[in-house]
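Visitor: I have a structure here, written as structure tokens, and I will follow up with some questions on it.
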Amino acid sequence: MKDIGSLASIFLLLNLASSAAALWGLSLPVSQQQQPLVPAQGQQSIMDKLIPDILKPQTTEPSEDVVGGADQPVVSDVLPKTKGINIFAQMTRDFDSISSRLNDASRNITVLAPRNSAVQDLPRKPWEDPEDYAKFGDLSAYEGTDGQERARRNLRRFVEAHIVPVSPWHAGEEVESLGGEKLKWTKEGDKIILQPGNIEVNSIAEKVANGEVWVLNGVINYRSD
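Note that the sequence shown covers residues -22 to -1, 1 to 203 in mature numbering (1 follows the signal peptide of the UniProt record, and there is no 0).
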């Protein structure tokens, strides 16, 4: 019975991050793994099948003006269609309050979306916290109802660290993310660099009615409670 309960807890935890976690390949049995983000030669990736390639030309300068309109797209419309950030885009859909904020045309935001490769290169998954492992052990940290809630809380904190509640966001302007981190950006030549962390902005991929989507080559550090 103990083995059955453990298997059930593991199954529920894997579903916590839904397809977001599966996109960059957890250590699942081969029979349970989803199609890879990067397809083999001659194959079409799963995201190519799901998301049409209707992207706008990418830019590298923040917008000086964001003007909304009833019929204009908002961040929630374009985030899933932005190339190379599928993992983070899926994470935002796991939380109703975050999805609602991205869809709110009355409140501007800047989404700092890490590239898939940046998330994949993390030393730990976004819902993992070393303090949880130290306190509860490797096997119990995210097992059971309490463990699943810890994982969900950690994942939410990761997502909120990458959403800034202003747009346009001006150079040198220090703002606090939804997760409480104080961030600012500067220009170094033709590059935009986020601080702290010296994180390079790969591109400003979308400018819509309620803000912008910035694609990052790294990940914002997010604090533990």
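Backbone N, C-alpha and C fix where the C-beta goes; we use that ideal spot for every residue, glycine too.
Using the rule of at least 16 other Cβ atoms within 10 Å of the residue's Cβ for burial, across every protein chain shown, is residue 189 buried or exposed?
Guide: By the 10 Å Cβ count, residue 189 comes out buried.
Visitor: DSSP state of residue 183, grouped into three classes?
Guide: Strand at residue 183.
Visitor: Could you tell me the alpha carbon to alpha carbon distance between residue 32 and residue 63, rounded to whole angstroms?
Guide: With a pLDDT of only 29 at residue 32, under 50, the local geometry of the prediction cannot be trusted, and the value read off the model is given with reservation. Their Cα atoms are separated by approximately 15 Å.
Visitor: Measuring CA to CA, which of 85, 56 and 90 is closest to residue 162?
Guide: Comparing Cα-Cα distances from residue 162 to each of 85, 56 and 90, the minimum goes to 90.
Visitor: With a threshold of 16 other CB atoms inside 10 Å of the CB of residue 157, please say whether the residue is buried or exposed.
Guide: With 16 or more Cβ atoms within 10 Å of its Cβ, residue 157 is classed as buried.
Visitor: On the premise that residue 53 lies in contact with residue 142, defined as a C-beta separation below 8 Å, what is that separation, rounded to the nearest angstrom?
Guide: Not really, about 12 Å apart at Cβ, beyond 8 Å.
Visitor: Could you please give the first and the last residue of the uninterrupted alpha helix (DSSP H) stretch that includes residue 133?
Guide: Its alpha helix (DSSP H) spans residues 122 to 138.
Visitor: Have a look at residue 147 and residue 100 and give me their C-alpha separation to the nearest angstrom.
Guide: Each residue's alpha carbon lies about 27 Å from the other.
Visitor: Between residue 193 and residue 93, is the Cβ-Cβ spacing less than 9 Å?
Guide: A contact, by the Cβ cut-off of 9 Å.
Visitor: Using a Cβ-Cβ cut-off of 8 Å (strictly less than) and excluding sequence neighbours within five positions of residue 173, which residues of its own chain qualify?
Guide: Only 161, 162, 163 and 164 meet the Cβ criterion.
Visitor: Give a yes or no on contact between the stretch 72 to 86 and the stretch 129 to 139, applying the rule of three or more CB pairs nearer than 8 Å.
Guide: The answer is yes - the stretch 129 to 139 touches the stretch 72 to 86, with three or more Cβ pairs under 8 Å.
Visitor: Using 10 angstroms around the beta-carbon of residue 112, count the other beta-carbons present and answer buried if the total reaches 16, otherwise exposed.
Guide: With fewer than 16 other Cβ atoms within 10 Å, it is exposed.
Visitor: Look at the alpha carbon of residue 96 and the alpha carbon of residue 166, and state the distance between them as a whole number of angstroms.
Guide: Going from the Cα of residue 96 to the Cα of residue 166 covers about 21 Å.
Visitor: Pick helix, strand or coil for residue 149, following the three-state DSSP scheme.
Guide: DSSP places residue 149 in coil when its eight states are reduced to three.
Visitor: Determine the direct distance from the alpha carbon of residue 61 to that of residue 132, and round the result to whole angstroms.
Guide: Computed Cα separation, rounded: 25 Å.
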